[in-house]
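Input: a single structure, listed below in structure tokens.
Chains as they are written, first to last, in this note's numbering: chain A, 1 to 143; chain B, 144 to 286.
Written out as structure tokens, the structure is:
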């Protein structure tokens, strides 16, 4: 199980480094072709890697010369031999070209992964933040 | 796998009937003691069945004589022998005592389940709806 958790941790590490490098293909290499993603923003779902590629290239392209630091907290993994579920809190922090923090937000992240010939791949992802019941607005800072 | 999908479907059916009956203990019987839940409303997480019991009894208690009809769309299940991941769209529809629809909303739902001696139990749940990027408000109707 420790070896397995290490392998899942590598997926989280790969996510973090691909976002920092704004490398869409490195980012997408952690997903299966037939992904079904419930993402926080705008759309009810992304189905298939091409739809997800559109989101990712749009996101990275929108950043200009900013960099985004991703950090994960409280990663919890449950796995069998060929299916794993991981969930965590995630912080996205945008930095200006001279390293100043421009903005940050927290999300909650659930990953469902399957073991493939080329390692663990995400086939389902769910990210969100809770909703304030009075304003119906999203809460971006974890209390 | 068909038998297994049938077993997972029974968890969805149990969720639906427990909400309709506003039966908190029937509802909670589908969860493990050590659940970790990312729920749509207000809180970043619920950890442990007692915290979740507080949410459920508060929800059911707030309904007065209303009934809530739950429907699931596009349930997808991936499972190994002892761990399963299911995701779906969920519709909550509130009915007045004379059967009139008062309100409804859609959510996205991810369930992570493990096989126990008393059947499949949810140990992690993530529910959300997407956020409008302009208003930062939650979107409650699936397009």
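Here a beta-carbon is modelled for each residue, glycine too, at the ideal position from N, C-alpha and C. Since the model is a prediction, treat every value here as computed from it, not as a measurement.
Backbone CA spacing between residue 175(B) and residue 162(B) [nearest angstrom]: 18 Å
Roughly how many whole angstroms lie between the Cα atoms of residue 176(A) and residue 206(B)? Shown here, chain A extends from 1 to 143; a query on residue 176(A) therefore has no answer.
**Item:** Cβ of residue 276(B) within 8 Å of any chain A Cβ
**Value:** For residue 276(B), at least one C-beta of chain A is nearer than 8 Å to its own C-beta.
Could you list which residues in chain B have their beta carbon closer than 8 Å to that of residue 78(A), in chain order?
226, 255, 257, 266, 267
Next on the checklist: Beta-carbon within less than 6 Å of residue 12(A)'s beta-carbon, same chain only, minus the 5 sequence neighbours each way: which residues are those?
Outcome noted: 72
Our contact map puts residue 137(A) next to residue 183(B) with C-beta atoms below 8 Å; I'd like the distance itself, whole angstroms only.
That belief does not hold up - the Cβ atoms of residue 137(A) and residue 183(B) are roughly 13 Å apart, past 8 Å.
Check your understanding: Using a C-beta cutoff of 8 Å, does residue 230(B) count as contacting chain A?
Key -> yes
Per-residue burial, residue 259(B) [other beta carbons within 10 Å of its own, 16 or more giving buried]: exposed
Let me make sure I understand the geometry here. Which of 132(A), 113(A), 139(A), 128(A) has the alpha-carbon closest to that of residue 10(A)? 113(A)
### Query
Buried or exposed: which applies to residue 286(B), given that a residue is buried once 16 or more other Cβ atoms fall within 10 Å of its Cβ?
exposed
Practice item. From the DSSP output, in three-state form, read off residue 96(A) for me. Key: coil
Which two residues bound the contiguous beta strand (DSSP E) that contains residue 135(A)?
Taken as a continuous stretch (DSSP letters only), residue 135(A) belongs to no beta strand (DSSP E), as it is neither H nor E.
- Item | the stretch 122-130 of chain A in contact with the stretch 238-247 of chain B per 3-pair CB rule at 8 Å | no
- [ ] State buried or exposed for residue 2(A), treating a residue as buried only when at least 16 other CB atoms are found within 10 Å of its CB.
- [x] exposed
query = Within 8 Å (strictly less), CB to CB, does residue 120(A) reach chain B?
reply = Not closer than 8 Å to any Cβ of chain B, the Cβ of residue 120(A) fails to qualify, so no.
List, in chain order, every chain A residue whose beta-carbon is nearer than 8 Å to that of residue 179(B). 76, 87
Margin query: What does DSSP give as the partner residue(s) for residue 272(B) in the beta ladder?
Written below: According to DSSP, residue 272(B) bridges with nothing at all.
* Backbone CA spacing between residue 53(A) and residue 23(A) [nearest angstrom] -> 11 Å
- [ ] Please work out which residues of its chain come closer than 8 Å, Cβ to Cβ, to residue 89(A), disregarding the five sequence neighbours upstream and downstream, and give them in chain order.
- [x] 72, 73, 74, 106, 107, 108, 109, 142
Residues of the stretch 182-213 of chain B with Cβ closer than 9 Å to any Cβ of chain A, in chain order: Result list: 182, 183, 184, 185, 186, 187, 188.
Margin query: Mapping the DSSP letters down to three states, classify residue 205(B) as helix, strand or coil.
Written below: helix
Hey, residue 37(A) and residue 29(A) are a contact pair by Cβ (cut 8 Å); roughly how many whole angstroms apart? Not really, about 15 Å apart at Cβ, beyond 8 Å.
Considering only C-alpha positions, which residue in the set 168(B), 193(B), 164(B), 169(B) is nearest to residue 178(B)?
193(B)
Contacts that residue 279(B) makes with chain A (C-beta to C-beta distance below 8 Å): 137, 138
Which residue comes first and which comes last in the beta strand (DSSP E) that contains residue 26(A)?
Taken as a continuous stretch (DSSP letters only), residue 26(A) belongs to no beta strand (DSSP E), being part of the alpha helix (DSSP H) at 24-28.
Roughly how many angstroms separate the alpha carbons of residue 247(B) and residue 150(B), rounded to a whole number? 28 Å
**Study point:** Sheet register partners of residue 121(A) (DSSP bridge)
**Key:** 114(A)
- Query: Cβ of residue 86(A) within 8 Å of Cβ of residue 76(A)?
  - Reply: yes
Tell me whether residue 40(A) sits in a helix, a strand or coil according to DSSP, three-state version. coil
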